[in-house]
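Which chain is which? The protein sequence lines are A and B, in order.
Residue numbers for the first sequence follow our numbering, so the first one is 2 and each next one is one higher.
Residue numbers for the second sequence follow our numbering, so the first one is 10 and each next one is one higher.
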Amino acid sequence: AQSVAQPEDQVNVAEGNPLTVKCTYSVSGNPYLFWYVQYPNRGLQFLLKYITGDNLVKGSYGFEAEFNKSQTSFHLKKPSALVSDSALYFCAVRDIKTSGTYKYIFGTGTRLKVLA
Amino acid sequence: NAGVTQTPKFQVLKTGQSMTLQCAQDMNHEYMSWYRQDPGMGLRLIHYSVGAGITDQGEVPNGYNVSRSTTEDFPLRLLSAAPSQTSVYFCASSSAGGRTDTQYFGPGTRLTVL
Chain A
2 AQSVAQPEDQ
12 VNVAEGNPLT
22 VKCTYSVSGN
32 PYLFWYVQYP
42 NRGLQFLLKY
52 ITGDNLVKGS
62 YGFEAEFNKS
72 QTSFHLKKPS
82 ALVSDSALYF
92 CAVRDIKTSG
102 TYKYIFGTGT
112 RLKVLA
Chain B
10 NAGVTQTPKF
20 QVLKTGQSMT
30 LQCAQDMNHE
40 YMSWYRQDPG
50 MGLRLIHYSV
60 GAGITDQGEV
70 PNGYNVSRST
80 TEDFPLRLLS
90 AAPSQTSVYF
100 CASSSAGGRT
110 DTQYFGPGTR
120 LTVL
C-alpha cells in the first residue's frame, strides 16, 4: 500500500529564512503527491501537487516542492518564511487500487512555526 | 459555489447514541471522502466514494457507515457512538482522477462523545 511519512512533528524557522518541511513516500508505480496546509480551526487547503513532469513544482503562497525519485522524497520549501506561514502542513499520496478506484493517504502532519 | 459544506459544526453525544454527519458539495465532484483528525495521528481516511452508488472503506471504517445516493451528498453515520470517536471530522471532494484531483475540504465537524 502507498504511504507517506513526515518525520518532523514540528519545524521552527526564523522569519525571512528559508524553510523545508520533509516528506518521504512509499509507492508502487508512479507517485501522485500532494501538499496541503491547515490553519487553526479550518479545513485543509491545497498547496501543490506532483503528477508528472518537472521535479520542481510551484504552488500557492510562494511554496514549492522538489520531487526526488532516488530519495523517495517530496519536501516542501519556501525561500523566505513569513509569520503567516505558521500552520499545520500535510503531505499526501494517491493510492490507486487494482480495481481502478483510488484513495488519498495523508501523513501525520508537521507543525510549522515561523518566529518573528 | 458554496464548495463543501458540513453540518453540524459541533456536536456532543452520549455513548451509544447514533447520529449522521452531513456533507454536501456543489462542484459536481465524483470523488468524496471522510477523514478524522486526531492529535498526533494526522488525517485518517474513514470511507470514500468514487461516484454515486459506490463506496469503499478507508483506514478506520469500524463504527461508521456511509452511502452515496446522489453525487452531491455523502453522509457519515455513527451507529453507536463511543468515546474513541471523539474527533474532528472532515469531508472532502474532488473531480475524477488524473491531473485534476485536488481535494476540497469542508470546515469540519467537532464531535465529542461522553
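Where a beta carbon is used, it is the ideal one built from N, C-alpha and C, also for glycine.
Predicted model, so just to flag it, every value in this text is computed and none were measured.
Taking its Cβ as the centre, do 16 or more other Cβ atoms sit within 10 Å of residue i, making it buried, or is it exposed?
i, result
"K50 (chain A)", "buried"
"S103 (chain B)", "buried"
"Y103 (chain A)", "buried"
"Y40 (chain A)", "exposed"
"F68 (chain A)", "buried"
"R95 (chain A)", "buried"
"F19 (chain B)", "exposed"
"Q112 (chain B)", "buried"
"G44 (chain A)", "buried"
"P32 (chain A)", "buried"
Using only alpha-carbon positions, find the residue among the options that is nearest to residue i.
i, options, result
"G110 (chain A)", "A:T99, A:G101, A:C24", "A:C24"
"F35 (chain A)", "A:E65, A:E9, A:A88, A:E16", "A:E65"
"L30 (chain B)", "B:G60, B:D82, B:H38", "B:D82"
"P84 (chain B)", "B:Y113, B:G25, B:W43, B:A11", "B:W43"
"Y90 (chain A)", "A:T99, A:K59, A:K78", "A:K78"
"T121 (chain B)", "B:G25, B:Y113, B:G51", "B:G25"
"L123 (chain B)", "B:I63, B:F114, B:A90", "B:A90"
"M63 (chain B)", "B:M50, B:R77, B:I55", "Checking the sequence shown, residue 63 (chain B) turns out to be Ile, not Met. The option with the nearest alpha carbon to I63 (chain B) is B:R77."
"G134 (chain B)", "B:R45, B:L22, B:G60", "Here chain B comprises residues numbered 10 to 123, so residue 134 (chain B) is not present and cannot be evaluated."
"S87 (chain A)", "A:V38, A:G108, A:T73, A:Q46", "A:V38"
"G117 (chain B)", "A:N42, A:G60, A:V84", "A:N42"
"S100 (chain A)", "B:S96, B:D110, B:I55, B:V59", "B:V59"
"L55 (chain B)", "B:A11, B:H38, B:G12, B:R86", "Contrary to the premise, residue 55 (chain B) reads as Ile rather than Leu in this sequence. Nearest option by C-alpha distance: B:R86."
"C92 (chain A)", "A:V84, A:K114, A:V58, A:V22", "A:V22"
"S96 (chain B)", "B:L22, B:A11, B:N10, B:V13", "B:L22"
If you run the structure through DSSP and keep just helix, strand and coil, what is residue i?
i, result
"G60 (chain B)", "strand"
"F7 (chain A)", "First, the residue type needs correcting, since residue 7 (chain A) is Gln and not Phe in the sequence shown. Note: Q7 (chain A) maps to coil in three-state DSSP."
"S74 (chain A)", "strand"
"Y33 (chain A)", "coil"
"Q39 (chain A)", "strand"
"S103 (chain B)", "strand"
"D82 (chain B)", "strand"
"V122 (chain B)", "strand"
"G51 (chain B)", "strand"
"D86 (chain A)", "helix"
"Q94 (chain B)", "helix"
Just to check, is the beta-carbon of residue i closer than 7 Å to a non-hydrogen atom of the ligand ZN?
i, result
"V59 (chain B)", "Ligands are entirely absent from the displayed structure, and the ligand ZN is therefore not among its contents."
Just how far apart, CA to CA, sit residue i and residue j?
i, j, result
"N74 (chain B)", "Q34 (chain B)", "19 Å"
"K70 (chain A)", "N71 (chain B)", "35 Å"
"C100 (chain B)", "A15 (chain A)", "34 Å"
"Q3 (chain A)", "S27 (chain B)", "33 Å"
"M41 (chain B)", "Q15 (chain B)", "13 Å"
"P92 (chain B)", "Y98 (chain B)", "14 Å"
"N56 (chain A)", "G17 (chain A)", "25 Å"
"G63 (chain A)", "K98 (chain A)", "33 Å"
"D5 (chain B)", "G49 (chain B)", "Since the displayed chain B opens at 10 and closes at 123, residue 5 (chain B) lies outside it and no answer follows."
"Q72 (chain A)", "Y26 (chain A)", "9 Å"
"S85 (chain A)", "Y57 (chain B)", "32 Å"
Anything in the region 89 to 120 of chain B with a Cβ closer than 7 Å to a Cβ of chain A? List those residues in chain order, please.
Contact annotation: in the region 89 to 120 of chain B, residues whose CB is within less than 7 Å of a CB in chain A are F99, G106, R108, D110, T111, Q112, F114, G115, P116, G117.
Relative to chain A, which residues along the region 66 to 86 of chain B have a C-beta separation below 9 Å, given in chain order?
Going along the region 66 to 86 of chain B in chain order, one finds G67, E68 with a Cβ nearer than 9 Å to chain A.
Can you list, in chain order, the residues of the region 49 to 65 of chain B whose Cβ is nearer than 8 Å to any Cβ on chain A?
Residues G49, M50, G51, L52, R53, L54, Y57, V59, I63, D65.
Using a Cβ-Cβ cut-off of less than 8 Å, list which residues of the region 99 to 110 of chain A approach chain B; keep chain order.
Residues T102, Y103, K104, Y105, I106, F107, G108, T109, G110.
Output, in sequence order along the chain, the residues in the region 68 to 97 of chain A whose CB is closer than 7 Å to any CB in chain B.
The region 68 to 97 of chain A vs chain B, Cβ under 7 Å: F91, R95.
Anything in the region 41 to 56 of chain A with a Cβ closer than 9 Å to a Cβ of chain B? List those residues in chain order, please.
Listed in sequence order: N42, R43, G44, L45, Q46, F47, K50, I52, T53.
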